[in-house]
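Notes for the one structure printed next.
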Amino acid sequence: MFNIVLIEPQIPQNTGNIARTCACAGAKLHLIKPLFDINDKTLKRAGLDYWDKLEIFYYKDADDFFNKNQGEYFFIETGGVQNYTQVKFYKDAYLFFGKETTGIDKQILNKYEDRIISIPMSKNLRSLNLSNCVALVLYEALRQNTFFDLC
Numbered sequence: 003m004f005n006i007v008l009i010e011p012q013i014p015q016n017t018g019n020i021a022r023t024c025a026c027a028g029a030k031l032h033l034i035k036p037l038f039d040i041n042d043k044t045l046k047r048a049g050l051d052y053w054d055k056l057e058i059f060y061y062k063d064a065d066d067f068f069n070k071n072q073g074e075y076f077f078i079e080t081g082g083v084q085n086y087t088q089v090k091f092y093k094d095a096y097l098f099f100g101k102e103t104t105g106i107d108k109q110i111l112n113k114y115e116d117r118i119i120s121i122p123m124s125k126n127l128r129s130l131n132l133s134n135c136v137a138l139v140l141y142e143a144l145r146q147n148t149f150f151d152l153c
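One rule links them: number in my numbering = place in the sequence shown (from 1) + 2.
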């Protein structure tokens with residue numbers, strides 16, 4: 003089972019879509035605060051009726067997450083040295099995504115420079131939608147692992 007880690011997500015609809023994707027893909031969702039109001043109606047609507055089919059964990063900050071979780075980490079960020087399709091993902095890996103406006107904090111990225119991967123895109127544009135990025139990378143990880151028992 004893969005782990006999706008959202009560091010300080012800002013848009014409830016994105017997080018709701020990601021929660022839905024995680025439920026369908028059998029992935030765990032880890033949310034690192036600060037967050038929006040988790041009772042936000044747009045968050046709930048985007049996640050449909052999948053909330054009870056999902057494991058969600060909350061952390062007060064990034065240090066709290068790293069103190070409680072160990073494993074293989076991948077940080078998805080623009081400017082990563084490797085394309086996400088060039089990386090071998092192993093079951094139970096943690097796939098990190100940063101907040102929509104600024105990405106993953108540089109202090110975290112500096113600590114894990116060799117674990118930063120990216121999704122190819124046009125050089126003239128800033129970024130893809132967060133929920134789309136999660137879906138792309140998570141399903142590549144699942145594909146590499148023969149989709150476990152999803153099909």
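Glycine included, every Cβ here is placed at the ideal spot set by N, Cα and C.
key: Buried/exposed call for residue 83, threshold 16 Cβ in 10 Å   = As a working mapping, residue 83 is identified with position 81 in the sequence shown. Exposed, since its Cβ has fewer than 16 Cβ neighbours within 10 Å.
inquiry  = Please tell me whether residue 16 and residue 138 are closer than 9 Å, where the distance is taken between their beta carbons.
reply    = Here residue 16 is taken as the residue at index 14 of the sequence shown, counted from 1. Here residue 138 is taken as the residue at index 136 of the sequence shown, counted from 1. Taking 9 Å as the cut-off, the beta carbon of residue 16 is found no closer than this to the beta carbon of residue 138.
request  = Please state if the CB of residue 7 and the CB of residue 40 are separated by a distance shorter than 9 Å.
outcome  = Indexing the sequence shown from 1 puts residue 40 at position 38. Indexing the sequence shown from 1 puts residue 7 at position 5. For residue 40 and residue 7, no; Cβs fall outside 9 Å.
message = Can you tell me where the alpha helix (DSSP H) holding residue 139 begins and where it ends?
response = If you number the sequence shown from 1, residue 139 lands on position 137. 132-146 is the extent of the alpha helix (DSSP H) around residue 139.
task = Per DSSP, which residues does residue 84 bridge with? Please list them.
result = For the purposes of this step, residue 84 is taken as residue 82 along the sequence shown, with counting starting at 1. For residue 84, which the question treats as bridged, DSSP gives the partners 119.
key: Contact under 9 Å by Cβ, residue 93 with residue 126   = As a first step, residue 93 must be located in the sequence shown, where it is residue number 91. As a first step, residue 126 must be located in the sequence shown, where it is residue number 124. For the pair residue 93 and residue 126, the CB atoms are not nearer than the 9 Å cut-off.
key: Buried or exposed (CB count within 10 angstroms, at least 16 for buried), residue 60   = Here the question's residue 60 lines up with position 58 in the sequence shown. With fewer than 16 Cβ atoms within 10 Å of its Cβ, residue 60 is classed as exposed.
ask   = Is residue 59 helix, strand or coil when you go by DSSP?
value = Taking the sequence shown and counting its residues from 1, the one referred to as residue 59 is at position 57. In the structure shown, residue 59 sits in a strand (DSSP, three-state: E or B).
ask   = Is it true that the stretch 116-123 meets the stretch 11-28, where meeting means three or more beta-carbon pairs spaced less than 8 Å apart?
value = no
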